[in-house]
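Working notes, structure below.
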Amino acid sequence: MSTLSALAHVQAMESMQAVPLTEFRHRHLSARPLVIIPLAMAGEAGAPLAAMVGSAKRNGTLLVVAQPRNRDQRFAFAAGLGRIVMDYIDSFRQDRRGEGERSRYTDAPQILVPNPGGLKALADLGRMCRFRSTSGPYAVPDVVPEFGMWLTFLVDKAEQAGTSMLLPVTGMLTEHWATGQSTLEDQNLASLMAWIAPPSGLSVDQAMADAENPDVCPPAGPSTSPEFDNRDLAPAIRKFDTAHKLGDPHALSAAETELRELIAGQIQPTWRMVWQAISLLRSVPEAPRSAKRFEGDCKAFTDYSNYRDSGGLPQRKRDTAIGAARRLSFLERALAEFESDMAFDDRFVLADRRSAGEAFSGTVVEAEPGRTVTTDKNRRVPRPRVTVRTEDPVRLAADTKLISPSMLAGHKAVIVSVLPDGDTARVTVEITGGMGRGRVPKQGTVPEPGQYVAYLPDPGWRPAPQFPASDAAPWTHSAADEVGTDSAVPEDAAAEEWGNEE
Amino acid sequence: MREPVDDRLAALRGSAKRLDYNARSLAALENNPRCTLRALLDASGSDKAAIATHVGHPPAFGQSSFAITRGNAFEAMVKANGCAELLRVLRETLELTLPEVGYEDLNDVGGDGRSKERHERTEEVLLRAARGEGDGTLFDHPMLCLQIGGHKAYLEPDLVAFRIDGRFHVVEIKSFPIIDEQAAPAQVRAATTQASAYIIALRDLLGRAGIGEEAVSDTIVLVAPKDFTNRPTGAFVDARKQVAALTRQLSRIERVGDLVDLLPEDLTFDLARDSEDRPRRPAEELNEALDQVLVTYRPDCLNHCEMAFYCRSRARAEASLDVLGPVVRDQFGGIDTTTMVMGLARGELTPSEDQMEMAAALRHAARLRAELEDLGGAA
Amino acid sequence: MRNDTGTTPEPAVPDPATAAAAATEAILANMADGRHRAVVVDSPPGAGKSTLVVRAAQELTEGGERPIIVAQTNNQVDDLVVRLAREHPGIAVGRLSATGYTPSPALGALTNTTVGRTLADLAGCRIIVATAAKWATVRDATFGWAILDEAYQMRSDMLLQIVERFDRGLFVGDPGQLDPFTIVGTERWIGLPHDPTQNGVSVMLEHNQNIPVHRLPVSWRLPSSAAPTISRAFYPFTHFTAGTGEDTRALEFRTAGFARTDLDETLAQAFTTGWALHELRRRHVPRTDTETLQTAADLAGRLLDRGAVATCERHHGGRPLEPGDIAIGVAHRDQADLVRAALARTGSPGAPGVAVDTANRLQGREFEVVIVVHPLSGRRDATAFHLEAGRLCVLASRHRQACIVVAREGIADLLDSHPSTDPVHLSVRAKFPDGWEANQIMLDKLAQHRVAA
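Spelled out as structure tokens, the structure:
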């Protein structure tokens, strides 16, 4: 965190309203996102209790598991949710452009959950479903393992910085707004919204108090409030169980209705709030480079679609040595690029880096536009130098490679020197790229005296690391006596024992 | 000088019944050891939840009956039939050699559920085992005892296993799942802190009989449901650091005397309950009493401490940067309040010599923000 | 005076040189017997790691091997190449490098060294040295042996990229220094034996049983005033001793002190005892606090201005300290930048020659006097980063003569209020030394050498 971002939080706390941290929204926001609000039963291992799902505020579908401990009901729920999600995903597998290798879908799905807990709940659901067998004992509907694999794909992708196919809404909001509360409290969607857009007629203070009162703002899940569990849910589930045992269809349907109503009361406020958050996010303009990252999403989506079409296996329980190393390299690269993209696109983010001395901007005070050097290959090339006076506390060392959001695309420079000058600093840079191919730089490619310029470090290009083939983990990364302990599909997949059914 | 301190602590608690340390208050020792208010309330055995509730900031640590039911059912299942499932986990999953099995139930002794009697029985049985007499290997719900600040706290592990490599091992049975060999870190940590207290208490018990601490392993055995099933699996947890940390904090509780000395003579957190157990003390008066004690509020307290909402409201009222959490606060060096930060940033306050540098950084940041907002940033 | 108090002496080691030689022989014997795919050598600070690497490379060459050496940075590679080429003028040494690399003057002056972009350029070389990153770009070549230097600083995913280049490996490194890290926050690999964010040595040991793990028992760098404390704080399970006796090393001023009494008092403390804690007034400050950073720079400037002569086993008659003999170590890069600026302000002509860097970049380096800005100085809270044992270990174990720590008062209280809160994971052994514990031991030691500013 920089002093600038920290100051934004203090400003929010003092003025009792959220303060913008960025100029843009750096995440692609689909025209038709699918919102899922998962609820789980307390104390159970990933036992879904309910979910509200839909791609428009007005047509949410509520799915409820009357007895979450019952295995059949659990998978009936997974199948129900799976069908809705798969219909949604399949709707993006229509429009495909390009030929052969380069062919890809032009749009990608986007699933939004209220908070990081919602993401974890989907991860658990994906893990629970993807290995299930559709035949033999404990068979599940066809859609269940397919849904599980897709969820796992989306959850894995969500770890990659800058992607947009599965996101928690709290994360999107806190990327753009600073509140006057802690990171912990920011994970509560209602508390966060209290700062950004308190319900009309309420002060932020009142809205914050309401946000923590489960009777006014039920938790956004996946856990329900203990008071609700003990006071409402437990008796309602008991009623359902009794009716079930007695085989009384009338009582059963009454109990089911009661349960649905109770859960609807808990989940609907969050549903409305998520859609309100989405429309707030829509009002923030999307960052220019978000489109490039979204193309990456479309490619990943296409690749996984093709893999599913070819009958690919479910994702492993844990990464293999080679798979983990590949993924780490991929995630590191994505994060570095995302951070650089944001600073390049966004004055606020750039200012953040400037306040930490990792970027600078200022006015050109001297220029040597005609400077040239002779290369190894005995060619004369333009290497103009300019000196920028800046008030920023620059900490970049000589030889740092730079890019500039204030110059034309392709502009590259390198720091020659940074000299303190009273309260300011004079940074001399040599322009190394983006001037065209001629001996003289193209018009407008070299900043002129008096011009305002901004520079930040070039994340650069790194070659993709080369690892051994996936099935050939070398001696340092595999034990001699390892006999495929983690095959892609565990043999006990179908028969995972259940129990504790009441 | 024990007694005067105890008298003072008793006066702080007032007429209420003394509450002993429990798993949560022991964990708090580790989470926020420097908070004076927490230290005093815990050391005096005051009812933090009742006090917080009375001043209008009730804690939100309700437990769902589903979680309780599930926890009990799982433990019962693991221990059914002489711990058949537990033995399977120890032998098959954890590949331990348990030559013979002798199950000892240390729950209520002959219908006597009192802690002291159960502790005496536990002591007798465990010492016999440690000396190689008796054939106990699995001890169900032993009652251990830990001296904390001169008071006995009774602690009850789920199970203690002996003769895993010739040592006692604390076995924690938890109902959160172990999915693909991983479990939620916060829950593992909480379980480990709890088990660390058992390890210390167990070492203490044996130590008094001259048995060295190496008789108790500092690796705990965690037994929990595997993946999404109800079938238990197990994992080892290395608790060495938590045992060391808790030992250190316990040795510091004695210093509560120093804290007491700083308090006004007549300070008390007594709720003055009437015959029907209703608190009669005016809430404002109790609030004033609490306000006289230093607190160290961090947002993380909301996860741990019954007093957290009270402390947060106090921090908010003081415009303290503690409200925003340590990451934000870290940026402002020695400055404590939003008022001071904003005053310096706007150049409305004159910085003291110590604040000069921070003030310059803040003015630079404020200039940057003004520049951004002037250029039409979303407001 | 320069002896550490309160530590138990090592079990009778008659002579450090003998002990060290025995360890080296055992390592070479293990390599020669052909029974192991890997041999690991744990080396505490300054225990002759480079000497071992050079020796092992030479022995392998003699046995007809054509070993490769993998180091982590270009500087480390250059240092090794220079040592190899100088000590073994008869062996052709190759330095594999990326485009844009310019050999240092010392390296350029060597006649038995070739610099090449590809292996083909180095066909005549008996030993080839390069960074791990460079080796990762090499394909289709396999060597009998690789010597991996600073192996604990190499991430397991990097090892995976180079492991196909060799059949057997000698892994040499210091387990007490900073662990490799990643900026990516994910828990998905925790507990896996092949976690790519772990160091390569640990991952290799997880997958291979009966790998001999040696340790070098003697630090030739650390003086007798430092070795016992560093050993106890950071190597709690594997003690080491100093290779030099109490009277071998000494620092003396060339001029008398005047005017700046607090700086002089601190320097005097460090010169006579090998340690000093220069304690500034208690205050919470941001890490960029000028007073703290300027004080570190001023101490270096003052030392240079007064001039010091260092006596040691290499220079029995004493040698004047030069700027390059002094380092200032910090935790953060912005602090390093600010200390460099502060050095310029001291006006001392030699000041720009003082090495200033973060712990990460000082790893593996050696100086006569090191001035450390304590990672916890002036902080309100102690994060895992600031408590990390490896960070303090690097900073406090670079010196041959003396170590001066600059800190604001209040670290003891800070440690009290922040017990170690490392996350706990299933089936993952806790990492030792514990940062909290190591910090306490260091602080206890420094308290005996405290000078209030």
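Protein chains in written order, with our numbering: chain C, 17 to 518; chain E, 928 to 1306; chain F, 4 to 456.
Glycine included, every Cβ here is placed at the ideal spot set by N, Cα and C.
Just so it is clear, the structure is predicted and the values come from calculations on it, not from any experiment.
DSSP state of residue i mapped onto helix, strand, coil
| i | result |
| --- | --- |
| E311(C) | helix |
| Q1282(E) | helix |
| M68(C) | strand |
| H984(E) | coil |
| P323(F) | strand |
| Q1109(E) | strand |
| W223(F) | coil |
| D447(F) | helix |
| K333(C) | coil |
| D45(F) | strand |
| Y238(F) | coil |
| R112(C) | strand |
| C145(C) | helix |
| F370(F) | strand |
| V159(C) | helix |
Buried/exposed call for residue i, threshold 16 Cβ in 10 Å
| i | result |
| --- | --- |
| V156(C) | buried |
| Q459(C) | exposed |
| F244(C) | buried |
| N1230(E) | exposed |
| K1079(E) | exposed |
| G515(C) | The pLDDT assigned to G515(C) is 38, lower than 50, so where the model puts this residue is not dependable; a value taken from the coordinates is nonetheless given after this. G515(C) comes out exposed. |
| R146(C) | buried |
| D18(F) | exposed |
| T273(C) | exposed |
| A22(C) | buried |
| T391(C) | exposed |
| G114(C) | exposed |
Cβ separation of residue i and residue j, assumed to be a contact under 8 Å, to the nearest whole Å
| i | j | result |
| --- | --- | --- |
| L151(F) | M157(F) | 7 Å |
| T21(F) | R58(F) | Rounded, the Cβ-Cβ distance is 16 Å, inconsistent with contact. |
| A372(C) | S18(C) | 4 Å |
| H981(E) | P1191(E) | Not confirmed; about 20 Å, so no contact. |
| C233(C) | P301(C) | Contact doesn't hold; Cβ gap of about 29 Å is too wide. |
| P70(F) | W148(F) | 4 Å |
| L351(C) | V187(F) | 6 Å |
| S234(F) | F243(F) | 5 Å |
| E957(E) | Q1219(E) | Not a contact, Cβ separation roughly 26 Å. |
Chain-ordered neighbours of residue i on chain D, where CB pairs are closer than 9 Å
| i | result |
| --- | --- |
| R334(C) | Of the chains in the structure shown, none is chain D; the protein chains are C, E and F. |
How do the segment 394–411 of chain F and the segment 1163–1176 of chain E stand: do at least 3 beta-carbon pairs fall below 8 Å, yes or no?
-> Judged by Cβ distances under 8 Å, the segment 394–411 of chain F makes no contact with the segment 1163–1176 of chain E, as fewer than three pairs qualify.
Spell out a yes or no on whether the segment 140–158 of chain F and the segment 106–117 of chain F are touching, meaning 3 or more CB-CB pairs, one atom from each, closer than 8 Å.
-> Cβ pair count under 8 Å is below three, so no.
Select from the segment 465–486 of chain C all residues with a C-beta closer than 9 Å to any C-beta belonging to chain F, and list them in chain order.
-> So the close ones are P479, P481, Q482, F483 and P484.
Using 8 Å as the threshold, is the segment 325–339 of chain F in touch with the segment 390–401 of chain F, meaning 3 or more CB pairs across them?
-> Judged by Cβ distances under 8 Å, the segment 325–339 of chain F makes contact with the segment 390–401 of chain F, as three or more pairs qualify.
When the Cβ atoms of the segment 305–323 of chain C are set against those of the segment 117–136 of chain C, are three or more pairs found closer than 8 Å?
-> These segments touch.
At least three beta-carbon pairs within less than 8 Å, the segment 23–31 of chain C to the segment 94–111 of chain C = When Cβ pairs closer than 8 Å are counted between the two stretches, the segment 23–31 of chain C is seen not to touch the segment 94–111 of chain C, the count staying below three.
Mind listing which residues of the segment 1263–1276 of chain E have their C-beta closer than 7 Å to chain C's C-betas, in chain order?
-> Residues of the segment 1263–1276 of chain E with a C-beta less than 7 Å from any C-beta of chain C: T1265, V1268, M1269 and A1272, listed in chain order.
At a cut of 8 Å, does the segment 233–244 of chain C reach the segment 123–141 of chain C through at least three beta carbon pairs?
-> Under the Cβ criterion (8 Å, minimum of three pairs), the segment 233–244 of chain C counts as touching the segment 123–141 of chain C.
In the segment 381–406 of chain F, which residues sit with their C-beta less than 9 Å from some C-beta in chain E, listed in chain order?
-> Against chain E - using a Cβ distance shorter than 9 Å - the residues of the segment 381–406 of chain F are G381, R382, R383, D384 and T386.
Is the segment 388–401 of chain C touching the segment 336–349 of chain C in the sense that three or more CB pairs, one from each, lie closer than 8 Å?
-> Too few Cβ pairs lie closer than 8 Å, so no.
Please list the residues of the segment 238–250 of chain C that have a C-beta atom closer than 9 Å to any C-beta atom in chain E, keeping them in chain order.
-> Of all residues in the segment 238–250 of chain C, S239, T240, S241, P242, E243, F244, D245, N246, L249 and A250 have a Cβ within less than 9 Å of some Cβ in chain E.
Would you call the segment 1018–1036 of chain E and the segment 1271–1287 of chain E touching, i.e. three or more CB-CB distances under 8 Å?
-> No, because fewer than three Cβ pairs between the segment 1018–1036 of chain E and the segment 1271–1287 of chain E fall closer than 8 Å, the two stretches do not touch.
Is it a yes or a no for the segment 433–453 of chain C touching the segment 399–407 of chain C, going by three-plus beta-carbon pairs under 8 Å?
-> With a cut-off of 8 Å, the segment 399–407 of chain C and the segment 433–453 of chain C count as touching, because enough Cβ pairs lie within range.
May I ask you to list, following chain order, the residues of the segment 50–70 of chain C that have a beta carbon less than 9 Å from some beta carbon of chain E?
-> Per Cβ criterion, the list reads M57, A58, G59, E60, A61, G62 and A63.
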